[in-house]
Structure formats: structure tokens, C-alpha cells
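Trainee: The opening position of the sequence shown corresponds to residue 466 in the working numbering, with each subsequent residue numbered one higher. Using N, Cα and C, we set each Cβ at its ideal position, and we do this for glycine too. Just so you know, these numbers come straight off a predicted model, no measurement behind them. Take a look at the following structure, please.
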Amino acid sequence: QLTPSSFLRIGQLSNVDLNEDIRELETELPRQHPNEIPHNEKLLSLKYESLDYDNSENQLFLEEERRINHAAFRTVEIKRWVICAMIGILTGLVACFIDIVVENLAGLKYRVVKGNIDKFTEKGGLSFSLLLWATLNASVVMVGSVIVAFIEPVAAGSGIPQIKCYLNGVKIPHVVRLKTLVIKVCGVILSVVGGLAVGKEGPMIHSGAVIAAGISQGRSTSLKRDFKIFEYFRRDTEKRDFVSAGAAAGVSAAFGAPVGGVLFSLEEGASFWNQFLTWRIFFASMISTFTLNSVLSVYHGNAWDLSSPGLINFGRFDTEKMGYTIQEIPIFIFMGVVGGILGALFNALNYWLTMFRIRYIHRPCLQVVEAMLVAAVTATVGFVMIYCSRDCQPIQGSTVAYPLQLFCADGEYNSMATAFFNTPEKSVVNLFHDPPGSYNPMTLGMFTLMYFFLACWTYGLTVSAGVFIPSLLIGAAWGRLFGISLSYLTKGSIWADPGKYALMGAAAQLGGIVRMTLSLTVIMMEATGNVTYGFPIMLVLMTAKIVGDYFVEGLYDMHIQLQSVPFLHWEAPVTSHSLTAREVMSTPVTCLRRIERVGTVVDILSDTSSNHNGFPVVESNPDATQVAGLRGLILRSQLIVLLKHKVFVERANLSLVQRRLKLKDFRDAYPRFPPIQSIHVSQDERECMIDLSEFMNPSPYTVPQEASLPRVFKLFRALGLRHLVVVDNRNEVVGMVTRKDLARYRLGKEGLEELSLAQT
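Structure below.
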């Protein structure tokens, strides 16, 4: 086990010339950062807890459920629909806010830089323009990176891996807090305005999830406000269902694709699913798209024309000009292969980069410096590419927002600038819809190459940013290049329209990076408003996924694995039938008796070496006739609430009118249960007894110790368990299976491998 002190030692070994004064500093600062964090992917972190997706059916729960009549259940169902509608509306509004602010700030920045460039092109001294552009970018990104690195590090990246883990049942700290949402929204605005190679679509999914988790609880723990509504939903089971609805609403606000949102939530997110949930999630997605649509329509001044369903609008592809013929199918499949290979290359590069970042760039100040460096380099590369490009196009009839003239003749503009001197979303739409001949092949080739490395370097920075749009942009650029070269080869026959190939290339590249098939097909179909392309897009995505999976796994799964999260996939590893529950389980198990001394309970909970969260409850007085059989299971959080309210047997026997604990007392403590250190138990109270019978779950799931690993895995995964008790044939507790015991086994290159556990 690696302790922090051994980390410090490793840090000192790797840097031999550490001076004495640094040593003195280390004694003063107990939390000194090591210079290098030893990290490898064959670890499983112990710092992540599981969520309780399985309701604890103790006597309190059963009594409450029996009290609720049929009419009350109907109001609960109505409340669920109301919450889903609110999730949709709020997610749509957040998306509007991001969109409008980005549009105005980026517009301002590009106007300033354009005016500057136009001024200096005439009288020389363009290096000043470059300096201005780079400084603007770096300063904006610095603000965006500082708030993420110093206030809420969980808000970094797109947030999709984190939400995936949350829906899988892993408790990522702070992932659905209000603070995370605020930092996420501000961070994504700043990173897009700062001109990084990022999109604002991925973070929308995280934002939707946070909104959902917040609304469904009817209170805010961050703001210490309790609205006394929706109290029935204060448990992990209900919260998870709403979070998957929030993720779907985020997708549909980002792409204007409600069905795609539902399918995304099904494919990437939710690990547990049922029919009613599907319908509610679809409702939330529809509401979110509609809200975004109506607000943006009013903002753009045409209040009755609902023409902008999502944050990114690919524009309509009309079928007459852009149909496809049967002989193009092999070409599309070939594009899928290219997308898969390029996606695998992107992921492999990003993997090594992320490993480097985890090891060396782990201090917040270094992370901010790196983000500023990337912003400045992005601006410089863009400027140099525009400066060196001699690709001029006539200005009339073109739809360029900020045409840069530079060294072109009057009435012409530089076409490299349409790609670099714009927000990535607009560039994608330009690549899809500009008429044939708008781009030089050389321009597209250089742009693809540069942007590929920039996007790869940018993903994983400490800023809030998505990877969707950069991947689409890379793919659209090489797809258009592919289309142009095809029409050269076929002497300009009509079917090689570059816009169509740009769309296929975009799908192939994105599929090769994130490996989504079903939802991505539907998202692309809904975003382009064209069903005829469904089949070729599906072919392209399937090919890209198959080819990419041959080399390396998808980007999100890779980041989950790099953070050493105990993530459970759909199935147990295929070769694991030889293992049984006896070999997998953790032993020895800390058991509690049904009527236990308070002192014992406090000592067990305070013991830092065993940070267990579930304790099997056994029969109190085993004599010769009766074995100490399993009677139930009680959670750490429940024990803490019992100690806090001092529910001891002695007090019940006294004639004091003692209020029985209700389920509400447990719900009010959720989700941030107080730590055991904050609960004071006096010496006399330690001698009292505590009766766990009505608080423990009397029917926990158990498996015999001979059960095979796939069987244990299936039970654990399908029911979303947190603890699975292993018993012998006399019903005595012999072990406990938790998430870490199952996630340890993974299929590697040589077959089944077992990961080691680490405290980091």
C-alpha cells in the first residue's frame, strides 16, 4: 500500500538535487506535492465509494410503504413527471445562456482582432496582431482554467466519463454539486471564447445531470436551503433515474436531438433501465429541445419560427442534390476504416499525454500554465496558417462571418481563415455546406493535420471542454478533402459532392474517438434533419467502432480506466468461470450483533484502517444449539444517524417519551452524512446497548461461496448492489463481495488479469 510518506520518498529519489531548504519546507508543509506521482493503469483506486442503488428494506421503510395508499403513489408519479419537465426547462435555459454569451464574447473578440489585422495588413507589423490574438486567448483561458483548477477540479473535461461512472454506481466526489455546475458553465464559456479546440456540447450533458440531481432532491445542500418538497426522492435509486434524464436532456439541448438523447443515455450512461423511465426521459429531452428552441428564436428576433433546435445546427441537407448511390457504399465503409484508425491514433496519443499529466502536471498552478500555453499555441498556429495560406476565394455569395482579407485582392477573402478564425461549431457548418470549390485541398490537408494535434493536446486540460465538436471538425475537414480528391479522380462527376463526404468523415472521426454507434447515428440524423443518410452513417460508425476497438478502447472508457475507477461493465470477463465467490470475496468481515454495545459500534466506525460501509448483523447470543447466522445488513450511514439521535435500548426502557426514528431522519441526513468524528459519545453512553433489529435490512442478498464469478457479477450488476454477503451452508457469514472485488478482474492482452488496489 502506498502511503503519502512513501510518495514523498519517491519524489525525493526522482529529484536528487533537492536542497536543504526544500527539505525544511517539507517539514513545515505536511501536504507537500511530490514531483512525480507514480501512476500506472493497472491500479484500482480505493478512494471511490459505491452508491446505494438497492433500497434498504428495513422495518421503517416497510411501514412507510404500507402507509402510502394508491392515491399517494399517483401523486409521487405526477411529481416525477413534474421534475422531468423542470429538468428539461432548466437544461434548455442553461444551454441558451451558454450559447448567447459565447456568441457575443467570441464575436467581440473576433471583431477586435479582425479590425487589428486589417489595420496592420496595410502598414505592416502584423506580429502585433498575432500578439494581441494570443494574449486575448491566453488571458481568457487563464480565468477559465483557474476557476476549474483551484475551485472545482471535477468540472474539468467534458464530464461524460464522470456521469458514466455515477450512473454505473460509483460515487465520484462533488460530481453533482451546484458549485460544479456554476464552474462548468463559466469554464466552458471561457474555454470556447478563448479559442481552444473544444466544443460546448459535452459539458451540456454534465450540466443537465447536475441540474437533475439538484432539482429532484428539492433542496440545495450547498446553499443550505431546504424547500421541503420531493422528500420521497432523497435516495440514490431515485436520484440516479433523474440524473440519466438530465444527461439525455443535455444531449438533446446540445444537438437538438431528443431521440438521440434518450439513446445516448441508454448506450453510454444508464446502467439500469425500465420502460417508464424511457418515456419520462424522452419527455425531459423533448422539453429541453423545445425550451432552447423557443428562447433562441425570441433572442434572434423571429419569435414564431422555431428554427434552431440545438446548440449546434448542421443545417439541412436537401436530398435531391445529395442522394447517394449503391456504388458509394464501399467508399463510405473505407471512410469508416480511416476514421477508426485516426480515432485510435487520437486516443493512443491522448492516453500517453494523460499519463504524463497525472504523473507530472498535478499541481493546480502548473495546470493553469499548461492551459495558457495551449491557448497561445492554438492562436499562433491559426495565425501562421492563415498568414502562409494563399488560398483566396471571392467574397460575394459566401456566408463568412468574419472574412479576413490579408494579402488577397479586394473582394476576396482568405479561406483558411474560415476554418481557424471562427468558433468550431461555425467551421463545421461551413465545411458541410460551402459550395464545391470553396477550399483548396492543400488548405484542408494542413488544417486537418494541425487541428488533430491541437485537439488531442487540448482534451484533458484543466478546463471544461467537450471533444464532440473538435472531432466533428477534424472529420469534416478530411472528409471534404476526400470528396474533392474523388471528384478529381472521377473528372468531376456529379455524385462526389464534398459536403456529403464531409458529413461521413465527421461521423467516422467522432465514432472512431468515442465509439458510440446507436446514439451517434440518430444524433447525426436528427442534427442534419435527413433520414436518407441513416444507413451510410450507421455503416460508417460501425466500421469505425470495429476498427478502433481492434487497436485501443474508446476515449471515455480510457479516461475512466486512467482514473482507476472501479467501473463494472455489462458482463463479467469471459474467461472468469474458473473463479468462485470464495476467491473473490473480502475477508475477514466485521460483523455486528443484533443487540450491540454502543462502544463497539463507535470503535468499529472510527477504525480508519477498515473503512467499511456495510456490516452484516448476526444473532446476538450464539450458544451450542444456535449458530451465529446472518440476520441482516446495516449501513455505516444508518449507524451514524442512530448514534447521532442516541437511539439506545436503555433510553427506550426509561419512561421518557422517546420519539421513534422515522425514515425522514435518515433522508434529512442524505447525501452528506456527518463523519463519525463529529458525533460525541460519552463514557457512560458507551456502555449502553443499541438494538439494530428495526433499522437493519433483514433480507440482504447473499450468495453461497461456491458461486462462480460470472454469476456473482450478474447478480451484483443487475441489481445495482453495494454489498453482497457470502455465506456458507450453515448461513454463517464468510465474506463480503463489494464493487472493488469484482472490478479487479479484467481481460488484458494475455487473458484474465487482476489489478492491484491502491489508496491514491
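Are the beta-carbon atoms belonging to T993 and F755 less than 7 Å from one another?
Mentor: Walking along the sequence shown from the start, residue 993 turns up at place 528. Walking along the sequence shown from the start, residue 755 turns up at place 290. Contact: no.
Trainee: Between the alpha carbons of G1013 and Y1021, how many angstroms are there, rounded?
Mentor: Sequence index remark: in the sequence shown, residue 1013 carries index 548 (1-based). Sequence index remark: in the sequence shown, residue 1021 carries index 556 (1-based). C-alpha separation (whole angstroms): 13 Å.
Trainee: Take V605 and list the residues in its own chain whose beta-carbon comes closer than 7 Å to its own, dropping the five residues that flank it on each side.
Mentor: In the sequence shown, residue 605 corresponds to position 140, counting from 1. Answer for V605: L655, V658, G659, listed in chain order.
Trainee: Are there 16 or more other CB atoms within 10 angstroms of the CB of N767, so buried, or fewer, so exposed?
Mentor: Along the sequence shown, one-based indexing puts residue 767 at 302. So N767 counts as exposed.
Trainee: Where does C651 fall in DSSP's three states?
Mentor: Position 186 of the sequence shown, counted from the first residue, corresponds to residue 651. Taken through DSSP and simplified to helix, strand or coil, C651 comes out as helix.
Trainee: Once DSSP output is grouped into helix, strand and coil, what is the label at I860?
Mentor: Sequence index remark: in the sequence shown, residue 860 carries index 395 (1-based). Three-state DSSP puts I860 in coil, outside helix and strand.
Trainee: From the DSSP output, read off the bridge partner residues of L937.
Mentor: Residue mapping note: residue 937 aligns to position 472 of the sequence shown, counting from 1. The partner list for L937 (beta bridge, DSSP) is empty, contrary to what the question assumes.
Trainee: Do the segment 694-705 and the segment 944-958 touch if we need at least three Cβ pairs shorter than 8 Å?
Mentor: Taking 8 Å as the limit for Cβ pairs, the verdict is that the segment 944-958 does not touch the segment 694-705.
Trainee: In chain order, what residues of the same chain have a beta carbon less than 8 Å from the beta carbon of N1194, not counting five sequence neighbours either side?
Mentor: Numbered from 1 along the sequence shown, position 729 holds the residue referred to as residue 1194. Here N1194 has P1169 as same chain residues with Cβ atoms under 8 Å from its own Cβ, once five neighbours each way along the sequence are excluded.
Trainee: Sorted by chain position, which residues of the same chain lie with C-beta nearer than 6 Å to I988's C-beta, five sequence neighbours on each side aside?
Mentor: Reading the sequence shown from its first residue, position 523 is the one you call residue 988. Correct list, in chain order: F720, A722, G725.
Trainee: Helix, strand or coil, according to DSSP, for F886 in the structure here?
Mentor: To locate residue 886, count along the sequence shown from 1; it is residue 421. Of the three classes helix, strand and coil, the one that applies to F886 here is coil, per DSSP.
Trainee: Would you report the Cα separation of L946 and L643, rounded to the nearest angstrom?
Mentor: Reading the sequence shown from its first residue, position 481 is the one you call residue 946. Reading the sequence shown from its first residue, position 178 is the one you call residue 643. Rounded to the nearest whole angstrom, the CA to CA distance from L946 to L643 is 44 Å.
Trainee: Kindly indicate which residue of N602, L591, Q1148, S510 has the alpha-carbon position closest to the one of V839.
Mentor: As a working mapping, residue 839 is identified with position 374 in the sequence shown. Nearest C-alpha to V839: N602.
Trainee: So, are the CB atoms of A749 and I552 less than 7 Å apart?
Mentor: Here residue 749 refers to the residue found at position 284 when the sequence shown is read from its first residue. Here residue 552 refers to the residue found at position 87 when the sequence shown is read from its first residue. With contacts defined as CB atoms closer than 7 Å, A749 and I552 qualify as a contacting pair.
Trainee: If contact is defined by three or more beta carbon pairs under 8 Å, each pair taking one atom from either stretch, is the segment 999-1018 in contact with the segment 965-976?
Mentor: The segment 965-976 is in contact with the segment 999-1018.
Trainee: Taking all protein chains shown into account, decide if L954 is buried (16 or more other Cβ within 10 angstroms of its Cβ) or exposed.
Mentor: What you label residue 954 is simply residue 489 of the sequence shown in a count that begins at 1. Exposed is the call here.
Trainee: Just reading off the beta strand (DSSP E) that F1080 is part of, what are its end residues?
Mentor: Counting from 1 along the sequence shown, the entry for residue 1080 is found at position 615. Taken as a continuous stretch (DSSP letters only), the beta strand (DSSP E) holding F1080 covers 1079-1083.
Trainee: Grouping DSSP H, G and I as helix and E and B as strand, with all else coil, what is T923?
Mentor: Residue 923 sits at position 458 when you count from the first residue of the sequence shown. Note: T923 maps to helix in three-state DSSP.
Trainee: Between L968, G1019, F695, W738, which has its C-alpha nearest W546's C-alpha?
Mentor: Residue numbering aside, residue 546 sits at position 81 when the sequence shown is read from its first letter. Residue F695 is the option with its Cα nearest to W546.
Trainee: In whole angstroms, what separates the C-alpha of R1176 from that of V1039?
Mentor: Along the sequence shown, one-based indexing puts residue 1176 at 711. Along the sequence shown, one-based indexing puts residue 1039 at 574. Distance between the alpha carbons of R1176 and V1039: 12 Å.
Trainee: Following a CB-centred definition, is L688 positioned closer than 6 Å to any heavy atom of the ligand GTP?
Mentor: Among the ligands in the structure shown, none appear at all, so the ligand GTP cannot be discussed.
Trainee: If distances are taken between C-alpha atoms only, which option among V893, S610, I543 comes closest to V834?
Mentor: Residue numbering aside, residue 834 sits at position 369 when the sequence shown is read from its first letter. Taking only the C-alpha atoms, the option nearest V834 is S610.
Trainee: Smallest Cα separation from S1158: which of V1049, I1099, A920, K1179?
Mentor: As a working note, residue 1158 is residue 693 in the sequence shown. Closest by alpha carbon: I1099.
Trainee: Just mark C873 as buried or exposed, buried being the case when its beta carbon has 16 or more other beta carbons within 10 Å.
Mentor: Reading the sequence shown from its first residue, position 408 is the one you call residue 873. With 16 or more Cβ atoms within 10 Å of its Cβ, C873 is classed as buried.
Trainee: With a CB to CB cut of under 6 Å and the five nearest residues on each side skipped, what residues in its chain are close to V893?
Mentor: Counted from its first residue, the sequence shown places residue 893 at position 428. Contacts found: L937, L938, A941.
Trainee: Assuming Y966 contacts G944 (C-beta within less than 8 Å), just tell me the rounded distance between them.
Mentor: Position 501 of the sequence shown, counting from 1, holds the residue named residue 966. Position 479 of the sequence shown, counting from 1, holds the residue named residue 944. The C-beta separation of Y966 from G944 comes to about 5 Å, placing the pair in contact by the 8 Å criterion.
Trainee: For L1107 and I676, what's the separation of their Cα atoms in angstroms?
Mentor: Numbered from 1 along the sequence shown, position 642 holds the residue referred to as residue 1107. Numbered from 1 along the sequence shown, position 211 holds the residue referred to as residue 676. Cα-Cα distance, rounded: 31 Å.
Trainee: For T1045, does the three-state DSSP call read helix, strand or coil?
Mentor: The sequence position of residue 1045 within the sequence shown is 580, counting from 1. Strand.
Trainee: Considering only residues of the same chain and omitting the five flanking positions on each side of I851, which have a CB-CB separation below 8 Å?
Mentor: In the sequence shown, the residue the question calls residue 851 occupies position 386. Answer for I851: L869, L871, N879, M881, A882, F885, F886, listed in chain order.
Trainee: With DSSP as the reference, identify every bridge partner of A1223, one or two as the case may be.
Mentor: Position 758 of the sequence shown, counted from the start, is the residue given in the question as residue 1223. According to DSSP, A1223 bridges with S510.
Trainee: For N569, does the three-state DSSP call read helix, strand or coil?
Mentor: Numbered from 1 along the sequence shown, position 104 holds the residue referred to as residue 569. N569 falls in the helix class under three-state DSSP.
Trainee: Drop a sphere of 10 angstroms on the beta-carbon of D1149, count the other beta-carbons inside from all chains shown, and report buried for 16 or more, exposed for fewer.
Mentor: The residue labelled residue 1149 in the question sits at position 684 within the sequence shown. It counts as exposed.
Trainee: Could you pull out every residue in the same chain whose Cβ sits closer than 6 Å to the Cβ of D706, ignoring the five residues on either side in sequence?
Mentor: Start at 1 with the first residue of the sequence shown, and residue 706 comes out as number 241. Taken in chain order, the residues that qualify are L742.
Trainee: Any chance the segment 633-640 sits against the segment 610-620, with 3 or more Cβ pairs inside 8 Å?
Mentor: Yes: at least three Cβ pairs fall under 8 Å.
Trainee: Measuring alpha carbon to alpha carbon, tell me which of V1005, Y816, T913 ends up nearest V846.
Mentor: As a position in the sequence shown, residue 846 is number 381, starting the count at 1. It is T913 whose Cα lies nearest to the Cα of V846.
Trainee: Are the CB atoms of G804 and A1009 nearer to each other than 7 Å?
Mentor: Here the question's residue 804 lines up with position 339 in the sequence shown. Here the question's residue 1009 lines up with position 544 in the sequence shown. It is a contact, given that the beta carbons lie within the stated cut-off.
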